[in-house]
Amino acid sequence: MNAAHTRDPEGSTRFLNLVSFKWLMAGMGWRVDLSRLQSDEAYIDECLQRALTSDSELLRKRGVEMLGLRRASDAHCDPSMPSTFVA
Numbered sequence: 003m004n005a006a007h008t009r010d011p012e013g014s015t016r017f018l019n020l021v022s023f024k025w026l027m028a029g030m031g032w033r034v035d036l037s038r039l040q041s042d043e044a045y046i047d048e049c050l051q052r053a054l055t056s057d058s059e060l061l062r063k064r065g066v067e068m069l070g071l072r073r074a075s076d077a078h079c080d081p082s083m084p085s086t087f088v089a
């Protein structure tokens with residue numbers, strides 16, 4: 003393994019937030035595929051919708067945080083493209 007290869011702290015934090023979200027969703031009985039959560043727009047919307055309508059206050063909070071990060075990421079990539087998520 004190449005010891006010179008390092009991750010940026012922001013990427014590590016993002017991954018930890020995704021894992022936290024995954025386990026909160028699992029606690030509600032919803033399985034989350036982390037690979038799809040990072041690449042499939044429809045799947046992301048479905049997961050966020052479930053989180054935002056759950057009975058768990060913490061899960062709703064994480065969903066709002068993820069939605070904010072997602073919108074910021076969308077704006078960073080292409081400001082002319084609106085987010086596809088509808089609350």
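FYI, the numbering for the sequence shown is 3 to 89, going by the numbering used here.
The beta carbon of each residue, even a glycine, is placed where N, CA and C say it ideally should be.
The structure displayed is predicted, hence computed values, not measured ones.
Between the CA atoms of residue j and residue i - distance to the nearest angstrom
{"i": "V21", "j": "R72", "result": "15 Å"}
{"i": "G70", "j": "W25", "result": "19 Å"}
{"i": "C49", "j": "L39", "result": "8 Å"}
{"i": "Y45", "j": "L36", "result": "10 Å"}
Start-to-end residues for the alpha helix (DSSP H) that takes in residue i
{"i": "Q51", "result": "43-54"}
{"i": "S37", "result": "36-39"}
Beta-carbon separation (whole angstroms), residue i vs residue j, contact threshold 8 Å
{"i": "V34", "j": "F17", "result": "V34 to F17, Cβ: 13 Å. No contact."}
{"i": "A74", "j": "G65", "result": "That belief does not hold up - the Cβ atoms of A74 and G65 are roughly 15 Å apart, past 8 Å."}
Decide if the stretch 26-34 is in contact with the stretch 54-70; the criterion is three or more beta carbon pairs, one per stretch, under 8 Å apart. yes
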